[in-house]
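S.K.:
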Amino acid sequence: DYELAEADPEVRGIIDKEKERQFRSLELIASENFTSRAVMEAVGSCLTNKYSEGLPGKRYYGGNEYIDELEILCQERALAAFNLDGKQWGVNVQPLSGSPANFEVYTAILNPHDRIMGLDLPHGGHLSHGFMTPKRRVSGTSIYFESMPYRLDESSGLVDYEMLEKTAILFRPKLIIAGASAYPRDFDYPRMRKIADAVGAFLMMDMAHISGLVATSVVANPFEYCDIVTTTTHKSLRGPRGGMIFFKKDPILGVDLETAINNAVFPGLQGGPHNHTIGGLAVCLKYAKSPDFKAYQHKVVSNCRALASRLTELGYKLVSGGTDNHLVLVDLRPLGTDGARVEKILDMASITLNKNSVPGDKSALVPGGIRIGSPAMTTRGFSEKEFVTVADFINEGVQITLEAKKLVSGSKLQDFLKFVTSPEFPLIDKVLN
Ligand code: PLP
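The opening residue of the sequence shown carries number 80 in full-length UniProt numbering; numbering runs sequentially from there.
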């Protein structure tokens, strides 16, 4: 029984390098966060050793008395974290992550080839909301179900609910999905509920990005309007990597969601739950009820607003003109550059964020924007002042990218490159052959 450094110095070394990278860089990826030592202690515990297929009290293996206690505690804390009445709402805390949780919901309430509508990925949606390109059904959620996306109004950067309504009336989906990976505003749940009711569809919210903000009422509450709510647990919620599915207990459209969803998770799509993750999640959900957590979520949003206003001051165009949550989406196209180049330059400077498509983009490989999130650096204690400085450094990175572009497209370099391929350097064929 060795310590990791002794048993496997190679893996220990990689972990140490990654830890140092996380420590020294400005972590601005909107879907990432730093979880607590307490959560990591639970995740790294003996809970990983136990098989417990089934639900508390109904397991396929013995020895689960403590695992039952843990899972029930986790379920209770999950409902409490979102102020849900256990008579009206239930939760499954076993999904291994966000994408499996979504697929489990679809498996529970849809038949193969039933129709779904989610926000298109190039407009901020997630792969697991039915993403496909004109050429390829990319996500399993578009292979097994028929997907018709809704999109943003490109002029306002806001969800085009009118288009959603018109398309839903024609397409007649069985499920409408709210939620996004790169949308800086709230969803209009009452409006989506009306549309879902008009066409007889279920309404699901994937609150993966904003679940911490929902738990602390910093953004609108999807539970008032949706039948099902899914989430990851490692983003703004600041827990271990995992997923949860919340469902209404009363039958919806004739479906007993509790039975259907629990069966879709196991045995439908998963085997034994990751009990170490459920342990870490229970710890995170206890913390989610604390005044500290509430203050943190408010800071996530005020920091993000400070970042957005500084970027606007510096002349940047933000999709939707600003933010109401933990992320901003910057449209770099008016400057003549793109997200891929800026991401690369900033990465070299230990500023970690991601290229992101913005409405109207032609290419997914060279998208026109960057997504910047505030949760991780807020966890590390940044306030508005530091986020203004962050905006200034991002601006510097963009200016350097524009300078680099001048060199690349500059006529002197282009002339020199032509000269290199001229007969004065005839040996090139031999070298290359
Ligand atoms: N749903 C949304 C809205 C997301 O943004 C993500 C991930 O970024 C997921 C689901 C998928 O989560 P996971 O990567 O845990 O499968």
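We put the beta carbon where it would ideally sit given N, CA and C, even for glycine.
Specify the secondary structure class of residue 394 as computed by DSSP and reduced to three states.
M.R.: Residue state, collapsed to three classes: coil.
S.K.: So, residue 241 versus residue 439, is the Cβ gap smaller than 8 Å?
M.R.: No; because the gap between Cβ atoms is not below 8 Å, this pair is not in contact.
S.K.: What are the boundary residues of the alpha helix (DSSP H) that residue 227 is part of?
M.R.: Taken as a continuous stretch (DSSP letters only), residue 227 belongs to no alpha helix (DSSP H), as it is neither H nor E.
S.K.: At a cut-off of 7 Å, would you count residue 374 as near the ligand PLP, judging by its Cβ distance to the nearest heavy atom?
M.R.: Checking the Cβ of residue 374 against the ligand PLP gives no.
S.K.: On the CB-based measure, 16 or more other CB atoms within 10 Å of its CB, does residue 447 come out buried or exposed?
M.R.: It is buried - the Cβ of residue 447 has at least 16 other Cβ atoms within 10 Å.
S.K.: CB residue 324 to CB residue 256, shorter than 8 Å?
M.R.: No, they are not a contact pair.
S.K.: Determine the DSSP secondary structure at residue 253, reduced to helix, strand or coil.
M.R.: Looking at residue 253 - three-state DSSP - the assignment turns out to be coil, as it is neither helix nor strand.
S.K.: DSSP three-state call for residue 471: helix, strand or coil?
M.R.: Residue 471 falls in the helix class under three-state DSSP.
S.K.: Cβ of residue 285 within 7 Å of any heavy atom in the ligand PLP?
M.R.: Result yes, Cβ under 7 Å from the ligand PLP.
S.K.: For the stretch 168 to 176 against the stretch 146 to 155, are there 3 or more C-beta pairs whose distance is under 8 Å?
M.R.: The stretch 168 to 176 vs the stretch 146 to 155: in contact.
S.K.: Beta-carbon separation of residue 515 and residue 458 under 8 Å?
M.R.: There is simply no residue 515 to check, as the chain begins at 80 and stops at 512 in what is shown.
S.K.: To the nearest angstrom, how far is the alpha carbon of residue 346 from that of residue 133?
M.R.: Answer to the nearest angstrom: the Cα atoms are 8 Å apart.
S.K.: When you measure from the CB of residue 351 to every non-hydrogen atom of the ligand PLP, does any distance come out below 7 Å?
M.R.: No, Cβ of residue 351 sits at least 7 Å from all heavy atoms of the ligand PLP.
S.K.: Below 8 Å on the Cβ atoms is my guess for residue 357 versus residue 148; work out the distance and round it to an integer in Å.
M.R.: Going by Cβ atoms, the distance from residue 357 to residue 148 rounds to 11 Å, so no, they are not a contact pair.
S.K.: Report the start-end ranges of each beta strand (DSSP E) in the stretch 276 to 362 that is 3 residues or longer and not cut off at the edges.
M.R.: Qualifying beta strand (DSSP E) stretches, in chain order: 281 to 285, 307 to 311, 322 to 327.
S.K.: Taking Cβ to Cβ, would you say residue 299 is nearer than 8 Å to residue 268?
M.R.: In this structure, residue 268 lies closer than 8 Å to residue 299 by Cβ.
S.K.: Is the beta carbon of residue 418 sitting closer than 8 Å to the one on residue 309?
M.R.: For residue 418 and residue 309, no; Cβs fall outside 8 Å.
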